[in-house]
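Just so you know, the protein sequences line up as chains A and B, in that order.
So the first sequence is numbered by UniProt numbering: it starts at 1 and just counts up by one.
So the second sequence is numbered by UniProt numbering: it starts at 1 and just counts up by one.
Glycine included, C-beta positions come from ideal geometry on N, C-alpha and C.
Structure first, commentary second.
Protein chains: 2
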Amino acid sequence: MNQNKNVNRRIVLASRPDGKPVLDNFRLETGDIPQPDDGQLLLRTIYLSLDPYMRGRMNDAPSYSPPVELNAVMVGGTVSRVEASRHPDFSPGDWVLNQGGWQDYALANAGEVRKLQGDILQHPSWALGVLGMPGFTAYMGLMDIGQPRAGETLVVAAASGAVGAVVGQVAKLKGCRVVGVAGGEEKCRYVTQTLGFDVCIDHRAPDFAHRLAQACPGGIDIYFENVGGAVFDAVLPLLNTSARIPLCGLIANYNIKDLSAGLDRLPLLTGIILRKRIRMQGFIITQDYGHRHQEFIEAMEPWVAEGKVRMREDLVEELENAPRAFIGLLEGKNFGKLVIRVGGDTL
Amino acid sequence: MNQNKNVNRRIVLASRPDGKPVLDNFRLETGDIPQPDDGQLLLRTIYLSLDPYMRGRMNDAPSYSPPVELNAVMVGGTVSRVEASRHPDFSPGDWVLNQGGWQDYALANAGEVRKLQGDILQHPSWALGVLGMPGFTAYMGLMDIGQPRAGETLVVAAASGAVGAVVGQVAKLKGCRVVGVAGGEEKCRYVTQTLGFDVCIDHRAPDFAHRLAQACPGGIDIYFENVGGAVFDAVLPLLNTSARIPLCGLIANYNIKDLSAGLDRLPLLTGIILRKRIRMQGFIITQDYGHRHQEFIEAMEPWVAEGKVRMREDLVEELENAPRAFIGLLEGKNFGKLVIRVGGDTL
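See the structure below:
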């Protein structure tokens, strides 16, 4: 079944994952299309963004945002069109950025959405990527916490992904030596040849840590952390004095059920942070930097328009493919910003 | 043997500690008193500062400063008087702050010392404490990284010690609720009754973690980290969103030879830093904030003069007692800023 005007298809959280999510954790349902109240909009989802943070929302554990309730629609940013408007600032057909979730139709108060206008309408889905939350995350974490200086070495993982690609390209614009980490030769080739990173290393290589050390002969000044796990372990001994670690995600850790037995490396990490005078700082883009969105847009829009910052999209057709695509995202199977095309531009 | 004008007593690093330092790691030697070259000063040590960072210098491992060589004089900040001057800006009898080390006499270039003048000459040893490196560490770590705001809760360990006492008192001046941690009832009484902390908890209490949680009903906004170990473990679950952790020392970890077996809590710590958007930052006062020394002096001198910031000194007589006192410092046996009186004010 495709998107149509008679039913609302939605994907709900059927059960909480025990470690890695599986298809049974999701359920496709259909229901009525809701009706907007005064001041509300009825929005039809065109593009749905899939992002690693959603894994955290599937757990029933305290985090920076409340969990998705069982049997509730999965959350997610969407680019949508106005189907019906009961607010004077919006008309049917307008494009908006909203938090529509994994479904065809959503209601929103007019104050909760952002109207998309101007150049971005040539590529509306970019509002979910390079000009949206991932690009904003990359830009603010790099600029405010990473504080790149010309000649410094930056490392970022998931380098062909939505955040990593922007981090590296902006760091290049700031004069850094940029080393990416990605999964597989094809992604690495793209990262160096298309995105212009100096080096890209395949984290699947058995001698990955050795290759990373070779690629950073002067050590690492900025490690933009979005994966955790083995990449972080390889980065740790290479960190320079006064290194900065903006921390926006730990995708490698999201499916961990229990801490692994072995040596307790917590004192190792705090000791390195002390001796090397490192700044490590977690951030959540909307909570920490929502007030600086305009600054991001003013910097990024020209770079994108001039081709200085590029973004590859991994566009998957049809809402019902979202669960499988999301599971693949956590395994690094996507290549570029993962977006689901839920509906046609016109219907 | 007391300090005299015929020999230079010095305490050298005889061997490197294997875990906790022992007396055999030190050796008292005597030698000739050195002669200053042009531009140099001969300085006689009056007060020697003993500080936890010295434990790191005893290891032959890379850290923020090079290790003390075997058979070399132990390093340390000193308040000294000029015995002989071959520089026009200094005269015999002048008081200076220098890095004289654990010995009676030291040479220094005039540019390496700071002349002590004005009110501080009423208490010259304070240049090693509240108005010296520990006070500077407390002030900059708290103000620049901790960024205290009125109504927030701050926790600091070693609360009766040289750094912790200043951190807590300045945080009180900034309107924070201040919870100290110290070893034993006597120290805790001093911390609340004399220093004016809101609460002080004995880390030796079997239910320490529970008491800390009770003392912080609104969680912890700033944890000024100078000890590590069990205190850090108890603090971790209490950290609030957007908490700051200035990290200037890890005294509980300094004698650790190997990481302990158990669960690897490194991903636990990074996960908390991410989810709670925490800033954790190591710093070494001279390297990171040397250029802001004047700002510290201008804030702290009036507070000390007005009795708003107090400092207890633990004054130990005689250079030969320095090794035993230093070993005690690492075990929390001192009560206040540990200073060795090496020589008399007049000789």
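contact_flag[the segment 209 to 225 of chain A, the segment 148 to 165 of chain A] where n(CB pairs < 8 Å) is 3 or more: Counting C-beta pairs closer than 8 Å gives three or more between the segment 209 to 225 of chain A and the segment 148 to 165 of chain A, which meets the contact rule.
B/Ile-220 at chain A interface by Cβ criterion, 8 Å: For the purposes of this step, residue 220 of chain B is taken as residue 220 along the second sequence, with counting starting at 1. Contact with chain A is absent for B/Ile-220, since none of that chain's Cβ atoms lies less than 8 Å from the residue's Cβ.
Cβ neighbour criterion (16 or more within 10 Å) applied to B/Leu-116: By 1-based counting over the second sequence, the position of residue 116 of chain B is 116. By the beta-carbon neighbour count (other beta carbons within 10 angstroms, threshold 16), B/Leu-116 is buried.
A/Val-235 - DSSP class collapsed to helix/strand/coil: In the first sequence, counting from the first residue as 1, residue 235 of chain A sits at position 235. In this structure, A/Val-235 counts as helix in the three-state DSSP scheme.
Segments assigned alpha helix (DSSP H), at least 4 residues, entirely inside the segment 79 to 156 of chain A: Entirely contained in the segment 79 to 156 of chain A, the alpha helix (DSSP H) runs reaching 4 residues are, in chain order, 133 to 140.
Local conformation of B/Asp-207 per DSSP, three classes: What you label residue 207 of chain B is simply residue 207 of the second sequence in a count that begins at 1. In the three-state reduction of the DSSP assignment, B/Asp-207 falls in the coil class, being assigned neither a helical nor a strand state.
Interface residues of chain B facing A/Lys-257 [CB-CB closer than 7 Å]: As a working mapping, residue 257 of chain A is identified with position 257 in the first sequence. Against A/Lys-257, chain B offers no close residue; the least beta-carbon distance is about 12 Å (beta-carbon pairs closer than 7 Å).
A/Gln-147 at chain B interface by Cβ criterion, 8 Å: As a position in the first sequence, residue 147 of chain A is number 147, starting the count at 1. Not closer than 8 Å to any Cβ of chain B, the Cβ of A/Gln-147 fails to qualify, so no.
A/Pro-267 at chain B interface by Cβ criterion, 8 Å: Locating residue 267 of chain A in the first sequence gives position 267, counting from the first residue. True, the Cβ-Cβ gap to chain B drops below 8 Å.
Burial state of A/Gln-287, where buried means 16 or more other Cβ atoms lie within 10 Å: To locate residue 287 of chain A, count along the first sequence from 1; it is residue 287. Around the Cβ of A/Gln-287, a 10 Å sphere holds fewer than 16 other Cβ atoms; the residue is exposed.
Beta-carbon neighbours of B/Leu-150, restricted to chain A and to distances below 7 Å: The count along the second sequence starts at 1 and reaches residue 150 of chain B at position 150. Residue 150 of chain B is actually Ala in this sequence, not Leu. Neighbours of B/Ala-150 across chain A, judged by C-beta separation under 7 Å, do not exist; the nearest C-beta is about 21 Å away.
Residues of the segment 271 to 285 of chain A whose Cβ lies closer than 9 Å to any Cβ of chain B, in chain order: The residues in question are Gly-271, Ile-272, Ile-273, Leu-274, Arg-275, Lys-276, Arg-277, Ile-278, Arg-279, Met-280, Gln-281, Gly-282, Phe-283 and Ile-284.
Segment limits, beta strand (DSSP E) that includes B/Ala-182: Taking the first residue of the second sequence as 1, we reach residue 182 of chain B at position 182. 177 to 182 is the span of the beta strand (DSSP E), which, as asked, contains B/Ala-182.
Anticipated Cβ contact below 8 Å, A/His-203 with A/Ala-230, distance rounded: Numbered from its first residue, the first sequence carries residue 203 of chain A at position 203. Numbered from its first residue, the first sequence carries residue 230 of chain A at position 230. With 8 Å as the limit, A/His-203 and A/Ala-230 qualify as a contact, their Cβ atoms being about 7 Å apart.
Exposure label - A/Arg-114; buried when at least 16 CB within 10 Å: Residue mapping note: residue 114 of chain A aligns to position 114 of the first sequence, counting from 1. When all chains shown are included, A/Arg-114 counts as exposed.
Under 8 Å between C-beta atoms of B/Ile-11 and B/Leu-23: By one-based count along the second sequence, residue 11 of chain B stands at place 11. By one-based count along the second sequence, residue 23 of chain B stands at place 23. With a cutoff of 8 Å on beta-carbon distance, B/Ile-11 and B/Leu-23 are scored as not near each other.
Cβ-heavy atom distance, A/Pro-36 to the ligand GTP, below 7 Å: Only the bare structure without any ligand can be found here, which leaves the ligand GTP out of the picture.
Where A/Arg-81 falls, given that 16 or more other Cβ within 10 Å makes a residue buried: Numbered from its first residue, the first sequence carries residue 81 of chain A at position 81. By the 10 Å Cβ count, A/Arg-81 comes out buried.
Reduced DSSP secondary structure (H/G/I, E/B, other) of A/Val-73: What you label residue 73 of chain A is simply residue 73 of the first sequence in a count that begins at 1. The answer is strand: DSSP assigns A/Val-73 an E or B state.
Interface residues of chain B facing A/Asp-104 [CB-CB closer than 9 Å]: The residue labelled residue 104 of chain A in the question sits at position 104 within the first sequence. Result: empty, since nearest Cβ-Cβ is about 32 Å, beyond 9 Å.
Neighbourhood of A/Leu-131 by C-beta distance below 8 Å, restricted to the same chain and skipping five residues each side: The residue you call residue 131 of chain A lines up with position 131 of the first sequence. Excluding sequence neighbours, A/Leu-131 sits near Ile-120, Ile-297, Met-300, Glu-301 and Val-304.
For A/Lys-20, the nearest candidate out of A/Pro-52, A/Lys-276, A/Arg-265 and A/Tyr-289 (CA to CA): Here residue 20 of chain A refers to the residue found at position 20 when the first sequence is read from its first residue. It is A/Pro-52 whose Cα lies nearest to the Cα of A/Lys-20.
B/Asp-233 to B/Ala-261 span [Cα, whole Å]: In the second sequence, counting from the first residue as 1, residue 233 of chain B sits at position 233. In the second sequence, counting from the first residue as 1, residue 261 of chain B sits at position 261. Rounded to whole angstroms, B/Asp-233 to B/Ala-261 spans 16 Å at the Cα level.
Contacts that residue 416 of chain A makes with chain B (C-beta to C-beta distance below 9 Å): There is no way to answer for residue 416 of chain A, as the model of chain A reaches only from 1 to 347.
Where the segment 206 to 233 of chain B meets chain A: residues whose CB sits under 9 Å from a CB there: Cβ proximity to chain A below 9 Å picks out Glu-225, Gly-228, Gly-229, Phe-232 and Asp-233 from the segment 206 to 233 of chain B.
Contacts of B/Leu-247 in chain A (Cβ-Cβ under 8 Å): Residue 247 of chain B sits at position 247 when you count from the first residue of the second sequence. Near B/Leu-247 (Cβ distances below 8 Å), the residues of chain A are Thr-270, Ile-273 and Leu-274.
Limits of the unbroken alpha helix (DSSP H) element including A/Met-54: Along the first sequence, one-based indexing puts residue 54 of chain A at 54. For A/Met-54, the enclosing alpha helix (DSSP H) has its first and last residue at 53 to 57.
Within chain A, the residues that B/Asp-288 reaches when beta carbons sit closer than 7 Å: Position 288 of the second sequence, counted from the first residue, corresponds to residue 288 of chain B. Here the neighbours are Arg-277.
Whole-number beta carbon distance between A/Lys-337 and A/Gly-313, since they are thought to touch under 8 Å: Position 313 of the first sequence, counted from the start, is the residue given in the question as residue 313 of chain A. Position 337 of the first sequence, counted from the start, is the residue given in the question as residue 337 of chain A. Reading the sequence as shown, one finds Glu at residue 313 of chain A and not Gly. Right, their Cβ atoms sit about 5 Å apart.
Contact set for A/Tyr-139: own chain, Cβ-Cβ below 7 Å, skip 5 residues either direction: For the purposes of this step, residue 139 of chain A is taken as residue 139 along the first sequence, with counting starting at 1. These residues qualify, in order along the chain: Val-166, Val-170, Phe-296, Ala-299 and Met-300.
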